[in-house]
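**Student:** Protein chains in written order, with the numbering used here: chain A, 1 to 205; chain B, 206 to 786.
#1: Near residue 465 of chain B, which residues of its chain fall below 6 angstroms by C-beta distance, leaving aside the five closest residues on each side in sequence?
#2: Closer than 7 angstroms, CB to CB, is residue 550 of chain B near chain A or not?
#3: Any C-beta of chain B sitting closer than 7 angstroms to the C-beta of residue 13 of chain A?
#4: Based on DSSP bridge pairs, tell me the residues matched to residue 380 of chain B.
#5: Check the Cβ-Cβ distances between residue 94 of chain A and every residue of chain B, and say whether any is below 7 angstroms.
#6: Just by C-beta distance, which residues in the segment 575-599 of chain B are closer than 9 angstroms to chain A?
#7: Nearest-angstrom Cα distance between residue 216 of chain B and residue 512 of chain B?
#8: Quick one: any contact between the segment 677-686 of chain B and the segment 532-551 of chain B, if contact means 3 or more CB pairs under 8 angstroms?
#9: Mind checking whether residue 642 of chain B and residue 673 of chain B have CB atoms under 7 angstroms apart?
#10: When the Cβ atoms of the segment 223-232 of chain B are set against those of the segment 277-292 of chain B, are three or more pairs found closer than 8 angstroms?
#11: In chain order, what are the residue ranges of uninterrupted alpha helix (DSSP H) at least 4 long that sit wholly in the segment 404-447 of chain B?
#12: My guess is that residue 416 of chain B and residue 471 of chain B are in contact by the Cβ rule of under 8 angstroms, so how many angstroms apart are they, rounded?
#13: In chain order, what residues of the same chain have a beta carbon less than 6 angstroms from the beta carbon of residue 117 of chain A, not counting five sequence neighbours either side?
#14: Taking all protein chains shown into account, decide if residue 202 of chain A is buried (16 or more other Cβ within 10 angstroms of its Cβ) or exposed.
#15: Counting only the same chain and skipping the five closest in sequence on each side, list residues whose C-beta sits under 6 angstroms from that of residue 314 of chain B.
#16: Based on DSSP bridge pairs, tell me the residues matched to residue 605 of chain B.
#17: Among residues of its own chain, excluding the 5 on either side of residue 719 of chain B, which ones have a beta-carbon nearer than 6 angstroms to its beta-carbon?
#18: Mind checking if residue 1 of chain A is an interface residue toward chain B, Cβ cutoff 7 angstroms exclusive?
#19: Measure how close the beta-carbons of residue 243 of chain B and residue 454 of chain B come, nearest whole angstrom, since I'm counting them as under 8 angstroms.
#20: Give me, in chain order, the residues of the same chain whose beta-carbon lies closer than 6 angstroms to that of residue 101 of chain A; leave out the 5 immediate sequence neighbours on both sides.
#21: Going by other Cβ atoms of all chains shown within 10 Å of its Cβ, with 16 needed for buried, is residue 619 of chain B buried or exposed?
#22: Out of B:646, B:219, B:230 and B:715, state which residue places its alpha-carbon closest to the alpha-carbon of residue 525 of chain B.
#23: Tell me whether residue 197 of chain A is buried or exposed, calling it buried when 16 or more other Cβ atoms sit within 10 Å of its Cβ.
#24: Taking residue 344 of chain B as the reference, which of B:337, B:352, B:330 and B:351 has the closest Cα?
#25: Please identify, using Cβ separations under 8 angstroms, the residues of the segment 176-196 of chain A that lie next to chain B, in order along the chain.
#26: Given that a residue counts as buried once 16 or more other Cβ atoms are within 10 Å of its Cβ, and exposed if not, what is residue 778 of chain B?
#27: Under 8 angstroms by Cβ, that's how I've got residue 562 of chain B and residue 582 of chain B pegged, so tell me the actual separation to the nearest angstrom.
#28: Over what stretch of residues does the alpha helix (DSSP H) that includes residue 743 of chain B continue unbroken?
#29: Mind reading off the beta-carbon distance from residue 553 of chain B to residue 405 of chain B? Whole number of angstroms is fine, and I expect it under 8 angstroms.
#30: Out of B:332, B:783, B:346 and B:651, state which residue places its alpha-carbon closest to the alpha-carbon of residue 763 of chain B.
#31: Along the alpha helix (DSSP H) that carries residue 716 of chain B, what are the first and last residues, could you check?
#32: Against chain A, which members of the segment 261-274 of chain B pass a CB distance test of less than 9 angstroms?
#33: Let me check understanding here. Comparing Cα to Cα, which of B:220, B:297 and B:704 lies closest to residue 245 of chain B?
#34: Less than 8 angstroms between the CB atoms is what I'm expecting for residue 532 of chain B and residue 713 of chain B, so what's the real figure, rounded?
#35: Nearest chain B C-beta to residue 85 of chain A closer than 7 angstroms, yes or no?
#36: Would you kindly work out how many angstroms separate the C-alpha atoms of residue 54 of chain A and residue 266 of chain B, rounded to a whole number?
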């Protein structure tokens with residue numbers, strides 16, 4: 001195939017290219033002979049992967065209060081600005097709910113971290129984090145958002161915020177809003193012909 | 206009918222091949238095209254990139270956004286399986302470490318690799334005469350060169366002719382041009398005295414002459430997901446599926462091979478396997494049996510194939526099977542290029558294999574370790590995936606902000622959001638892949654106490670790095686540090702000390718393990734002859750990484766392909782002479 005035929009074939013893959021293969025088996029575990037007449041197959045996922053996703057979607061981890069708190073926190077981390085929407089606009093809270101079930105090592109530190117945050121707020125401001133006014137919320141966040149200058153007694157909060165900040169960035173920049181914000185231009189047929197000339201000049205290469 | 210019985214097929218194939226990766230795929234391709242009636246057994250499901258690849262999916266099409274929860278190299282990676290597979294354990298002894306990556310699916314581990322395709326050189330085959338540190342192969346580069354050439358023509362590889370003695374040139378397609386960060390790496394390398402060449406990868410950057418079935422690379426950079434237009438090399442798309450199309454090769458999927466069956470005279474007659482679906486036992490017959498189940502799995506099958514004629518396992522009268530296991534060394538470091546902050550955005554996905562690499566460039570007479578390593582480089586404006594931006598709250602404390610002031614690392618809000626944009630595409634990584642010495646006392650063996658869910662005895666590993674690999678790792682870290690400095694990068698990983706093996710990864714983690722059923726002229730010190738034919742059983746062959754005597758610092762796939770093709774052609778010749786029946 002030349003380049004033009006390649007791109008044409010790529011467009012055809014959704015329905016199966018002409019040169020290749022008709023569907024055969026649906027039962028992925030069965031040992032069966034696959035000969036010339038029945039090439040082709042499945043969806044690119046093992047059965048257990050699909051089962052796992054379904055199970056995780058059926059499970060609910062965070063309660064209503066926790067989700068409301070997460071929603072406020074992720075928008076403090078990534079707010080709406082001139083270029084793009086906020087973390088919640090990009091669906092980050094639901095993503096975090098899924099990820100803590102997918103990577104269960106997140107579960108305890110996330111739940112405990114939210115609790116830590118609420119207790120800090122109750123002691124200082126007599127409200128849980130979610131019910132504090134934004135001035136008080138930011139006052140506390142400022143004490144845990146900068147690992148190098150945070151006070152030693154805030155270390156648990158720093159660890160929690162590091163984790164949450166990482167999850168938030170993961171969720172935001174892998175969403176459609178985030179990919180557009182960051183300016184990723186790929187994932188599409190292209191012809192790479194080296195660094196553009198203006199870049200060569202700019203960087204004196 | 207009894208509840209459990211072994212289902213024996215009466216059909217006798219000309220050849221039964223165990224495994225559908227690079228080695229099995231190539232043997233199947235050559236034999237099927239020569240008109241032999243071939244049966245291939247694959248321990249996992251069928252896989253055709255055209256329907257099964259996750260190419261061109263966006264990160265949000267994975268609920269875990271590409272995280273490596275179920276697939277070690279990310280949710281879109283083509284490879285099923287990984288280091289741990291439920292119900293299929295392996296064990297380790299003497300507190301040693303070995304990580305065994307298995308990909309049970311059509312194409313095997315060609316579904317996971319960087320498509321970096323390097324020939325072994327003359328010195329790699331004859332290391333003993335060079336420095337006395339390693340055993341010689343019974344064959345030389347000149348024996349393998351014609352097959353490397355044929356593999357280049359059949360599968361396609363890009364690169365440039367350089368005339369380096371131990372980095373032999375091939376028949377090359379045009380290599381991709383460097384990305385922006387790679388131009389900085391090249392500058393830094395030059396200052397640090399490190400040679401950098403255009404990459405060598407098995408991706409069709411232009412039409413492969415004579416082949417109308419495969420597409421040309423359209424620069425999505427996603428070879429790791431496998432290619433729907435077959436523009437990269439996977440054993441499925443380039444070898445097994447074309448072999449099926451001849452009408453001469455059939456694949457049985459989900460067939461987990463237990464052992465090779467031999468007759469009273471000790472000759473191989475077929476294999477027995479358990480089906481993953483019904484968990485029933487089956488036997489199939491072949492005039493010859495070719496193992497290509499991966500270096501360790503082929504050793505496991507042979508060691509489990511005990512009979513009166515072969516009491517120590519089939520082909521193991523030397524006791525050598527399982528020994529001389531060796532994986533490449535691996536050390537990585539990373540950094541970021543502050544001069545690239547706020548860089549312009551454009552599509553630089555390129556190809557999914559390396560655009561540039563460094564072949565081994567130094568003279569060992571001036572060094573305290575034998576042979577060397579090559580370096581692979583990464584970086585660029587890549588598609589965001591789980592973990593994206595994880596380093597930004599650290600990096601933003603290392604360089605001045607837009608106003609020229611140093612700020613506190615970390616943060617949140619509009620300022621942090623701006624930082625994610627500023628740092629995007631500035632990070633680079635470098636990874637060394639080096640020669641480890643094949644040693645008799647690094648081995649896999651059958652664990653006497655443990656079986657897998659199929660009742661098949663499992664492998665137990667014993668592997669220790671030696672001083673040679675540790676010194677090499679130390680040298681890699683020194684080189685990377687010097688290069689990062691020379692290109693104006695700020696390191697984001699720190700060199701590790703002797704207590705952390707100088708950053709040397711665990712054996713097995715580079716997934717280049719070979720050597721467990723090595724070839725040689727002497728049946729006392731090798732299991733196979735120079736044609737990959739068992740000394741003890743003339744109709745048994747091994748064509749994966751197991752026959753390697755000593756790996757170079759080259760990724761093994763291209764050599765597995767060349768040697769498998771060489772063996773398949775030998776089988777055709779020997780059949781004509783009726784030497785195998």
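Heads up, the beta-carbon is just placed ideally off N, CA and C, and yes, glycines get one too.
**Tutor:** Taking the definition as stated:
#1: Your numbering for residue 465 of chain B matches position 260 in the second chain. Here the set comprises 473, 476, 494, 510 and 519.
#2: The count along the second chain starts at 1 and reaches residue 550 of chain B at position 345. Yes, residue 550 of chain B counts as interfacial toward chain A.
#3: In the first chain, the residue the question calls residue 13 of chain A occupies position 13. Low per-residue confidence applies at residue 13 of chain A: pLDDT is 48, beneath 50, and the placement is therefore not dependable, though the value from the model is reported in the following sentence. Judged by the 7 angstroms Cβ criterion, residue 13 of chain A is in contact with chain B.
#4: Along the second chain, read from residue 1 onward, the residue named residue 380 of chain B stands at position 175. Residue 380 of chain B is not bridged to any residue.
#5: Position 94 of the first chain, counted from the first residue, corresponds to residue 94 of chain A. Not one chain B Cβ lies under 7 angstroms of residue 94 of chain A.
#6: 586, 587, 588, 589, 590, 591, 592, 593, 594, 595, 597, 598 and 599
#7: What you label residue 216 of chain B is simply residue 11 of the second chain in a count that begins at 1. What you label residue 512 of chain B is simply residue 307 of the second chain in a count that begins at 1. For residue 216 of chain B and residue 512 of chain B, the distance between alpha carbons rounds to 23 angstroms.
#8: yes
#9: Within the second chain, residue 642 of chain B is the residue found at index 437, counting from 1. Within the second chain, residue 673 of chain B is the residue found at index 468, counting from 1. The answer is yes: Cβ separation under 7 angstroms.
#10: no
#11: none
#12: Locating residue 416 of chain B in the second chain gives position 211, where the first residue counts as 1. Locating residue 471 of chain B in the second chain gives position 266, where the first residue counts as 1. Residue 416 of chain B to residue 471 of chain B, Cβ: 42 angstroms. No contact.
#13: The sequence position of residue 117 of chain A within the first chain is 117, counting from 1. Within the same chain, residue 117 of chain A has close Cβ partners 129.
#14: Within the first chain, residue 202 of chain A is the residue found at index 202, counting from 1. Residue 202 of chain A comes out exposed.
#15: Start at 1 with the first residue of the second chain, and residue 314 of chain B comes out as number 109. Excluding positions up to five away in sequence, the list reads 226 and 308.
#16: In the second chain, counting from the first residue as 1, residue 605 of chain B sits at position 400. In DSSP, residue 605 of chain B forms a bridge with B:611.
#17: Stepping through the second chain from its first residue, residue 719 of chain B is reached at position 514. Cβ within range, chain order: 500, 750, 753, 756 and 761.
#18: In the first chain, counting from the first residue as 1, residue 1 of chain A sits at position 1. With 7 angstroms as the cut-off, residue 1 of chain A counts as an interface residue toward chain B.
#19: As a working mapping, residue 243 of chain B is identified with position 38 in the second chain. As a working mapping, residue 454 of chain B is identified with position 249 in the second chain. Contact holds; Cβ gap of about 4 angstroms.
#20: Sequence index remark: in the first chain, residue 101 of chain A carries index 101 (1-based). 56, 59 and 61.
#21: The count along the second chain starts at 1 and reaches residue 619 of chain B at position 414. It is exposed - the Cβ of residue 619 of chain B has fewer than 16 other Cβ atoms within 10 Å.
#22: On the second chain, residue 525 of chain B is found 320 positions in, with the first residue counted as 1. Selected option, being the one with the closest Cα: B:646.
#23: The residue you call residue 197 of chain A lines up with position 197 of the first chain. Looking at its Cβ environment, which holds fewer than 16 other Cβ atoms inside 10 Å, residue 197 of chain A is exposed.
#24: Residue 344 of chain B sits at position 139 when you count from the first residue of the second chain. Cα-wise, what sits closest to residue 344 of chain B is B:330.
#25: 176, 178, 179, 181, 182, 183, 184, 185, 186, 187, 188, 189, 190, 191, 192, 193, 194, 195 and 196
#26: Within the second chain, numbered from 1, the residue matching residue 778 of chain B stands at position 573. Result: exposed.
#27: For this step, residue 562 of chain B is matched to residue 357 along the second chain. For this step, residue 582 of chain B is matched to residue 377 along the second chain. Sure, about 7 angstroms apart at Cβ, within 8 angstroms.
#28: Locating residue 743 of chain B in the second chain gives position 538, counting from the first residue. Taken as a continuous stretch (DSSP letters only), residue 743 of chain B belongs to no alpha helix (DSSP H), being part of the beta strand (DSSP E) at 742-747.
#29: Mapped onto the second chain, residue 553 of chain B falls at position 348. Mapped onto the second chain, residue 405 of chain B falls at position 200. Incorrect: roughly 20 angstroms between the Cβ atoms, too far for contact.
#30: Taking the first residue of the second chain as position 1, residue 763 of chain B is located at position 558. The shortest Cα separation from residue 763 of chain B among B:332, B:783, B:346 and B:651 belongs to B:346.
#31: Numbered from 1 along the second chain, position 511 holds the residue referred to as residue 716 of chain B. Element bounds for residue 716 of chain B: n/a, residue is neither H nor E.
#32: 261, 262, 263, 264, 265, 267, 268, 269, 270, 271, 272 and 274
#33: Here residue 245 of chain B refers to the residue found at position 40 of the second chain. Among B:220, B:297 and B:704, the Cα nearest to that of residue 245 of chain B is on B:220.
#34: As a position in the second chain, residue 532 of chain B is number 327, starting the count at 1. As a position in the second chain, residue 713 of chain B is number 508, starting the count at 1. That pair is a contact at about 5 angstroms.
#35: Your numbering for residue 85 of chain A matches position 85 in the first chain. By this cut-off, residue 85 of chain A is not an interface position.
#36: The residue given as residue 54 of chain A occupies position 54 in the first chain. The residue given as residue 266 of chain B occupies position 61 in the second chain. Those two C-alpha atoms are separated by around 15 angstroms.
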